[in-house]
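Peer 1: What follows is a structure written as structure tokens; I'll ask about it next.
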């Protein structure tokens, strides 16, 4: 499957109370062409990643309303969008209107990624943004139907990128990643949210031989 076909299939996914950043337009924060820009960005990054030996796919749970709903990139908020694109030799301007919105998990993830040069692709078990029925700008865990669809997409991504290992961030990610132990190594790390930040940083430090501690002057956001 080509990168273009992968993105097209991803854009076709539809579920109740979810936002697909590759086909849906947010009436509040998106420009008229934001979905296309997110599709184009992901496609370019996939093409670039397909040309190298990918060290790992880091897998989170879902896109969040402060992060991937806006950028179309897993574990990436507005503040780290350009940096993420640059890692794959792609240039990208902010895709949404208004001030850049930070996300706590993305802040922790990108603090450590800034210290790692290995080719790492970021993804989620469920590649869309699931939200509560009463609030589009909220986060909820994906359900079993959404999970099955996400795992099928993850399988396609693994076949395309052929990473050496999967870094599963949290229990949901480990459950999905464990299905692919016959294809590559699977490593579970603690999710940095809900008090898991220090353990996550210690585990990534051991895996990559870096200093994963947050600078004392870095603020985190919920």
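Residue numbers (the working numbering): 1 to 222.
Ideal Cβ placement from N, Cα and C applies to all residues, glycine included.
For clarity, every value in this text was computed on a predicted model and none was experimentally measured.
1) Compare the Cα-Cα distances from residue 26 to each of 12, 50, 71 and 154 and report the closest residue.
2) Nearest-angstrom Cα distance between residue 108 and residue 5?
3) What did DSSP end up calling residue 36 once you bin it into helix, strand or coil?
4) What residues in its chain sit with their C-beta under 6 Å from that of residue 208, if we drop five residues either side in the sequence?
5) In whole angstroms, what separates the C-alpha of residue 58 from that of residue 124?
6) How would you label residue 7, buried or exposed, when you count the other beta carbons within 10 angstroms and need 16 or more for buried?
7) If you compare alpha carbons, which of 15, 122 and 173 is closest to residue 163?
8) From residue 32 to residue 194, what does the alpha carbon distance come to, in whole angstroms?
9) Cβ of residue 229 within 9 Å of Cβ of residue 130?
10) Tell me the rounded alpha-carbon separation between residue 191 and residue 17.
11) For residue 66, name the three-state secondary structure that DSSP assigns.
12) Look at the Cβ atom of residue 19, then the Cβ atom of residue 69, and state whether they are nearer than 9 Å.
13) DSSP three-state call for residue 91: helix, strand or coil?
14) I believe residue 63 touches residue 35 by the beta-carbon criterion, under 8 Å. Please report the beta-carbon distance rounded to the nearest angstrom.
Peer 2: In short, the structure shows the following:
1) What you label residue 26 is simply residue 26 of the chain shown in a count that begins at 1. Closest option to residue 26, Cα to Cα, is 71.
2) On the chain shown, position 108 is the one that residue 108 refers to. On the chain shown, position 5 is the one that residue 5 refers to. Cα to Cα, the separation comes out at about 32 Å.
3) As a position in the chain shown, residue 36 is number 36, starting the count at 1. Here residue 36 sits in helix by DSSP.
4) Working through the chain shown from its first residue, we reach residue 208 at position 208. Excluding sequence neighbours, residue 208 sits near 116.
5) Indexing the chain shown from 1 puts residue 58 at position 58. Indexing the chain shown from 1 puts residue 124 at position 124. Those two C-alpha atoms are separated by around 8 Å.
6) The residue labelled residue 7 in the question sits at position 7 within the chain shown. Classification of residue 7: buried, given that the 10 Å Cβ count is 16 or more.
7) On the chain shown, position 163 is the one that residue 163 refers to. Nearest option by C-alpha distance: 122.
8) Reading the chain shown from its first residue, position 32 is the one you call residue 32. Reading the chain shown from its first residue, position 194 is the one you call residue 194. Rounded to the nearest angstrom, the two C-alpha atoms are 35 Å apart.
9) This structure gives no information on residue 229, because the portion of the chain shown stretches from 1 to 222.
10) Taking the chain shown and counting its residues from 1, the one referred to as residue 191 is at position 191. Taking the chain shown and counting its residues from 1, the one referred to as residue 17 is at position 17. Counting only the Cα atoms, residue 17 lies some 24 Å from residue 191.
11) Walking along the chain shown from the start, residue 66 turns up at place 66. Coil at residue 66, not helix or strand.
12) Indexing the chain shown from 1 puts residue 19 at position 19. Indexing the chain shown from 1 puts residue 69 at position 69. Contact flag set, yes.
13) For the purposes of this step, residue 91 is identified with residue 91 of the chain shown, where counting begins at 1. Coil at residue 91, not helix or strand.
14) Mapped onto the chain shown, residue 63 falls at position 63. Mapped onto the chain shown, residue 35 falls at position 35. Between the beta-carbon of residue 63 and that of residue 35 there is about 13 Å, and that puts the pair past the 8 Å contact cut.
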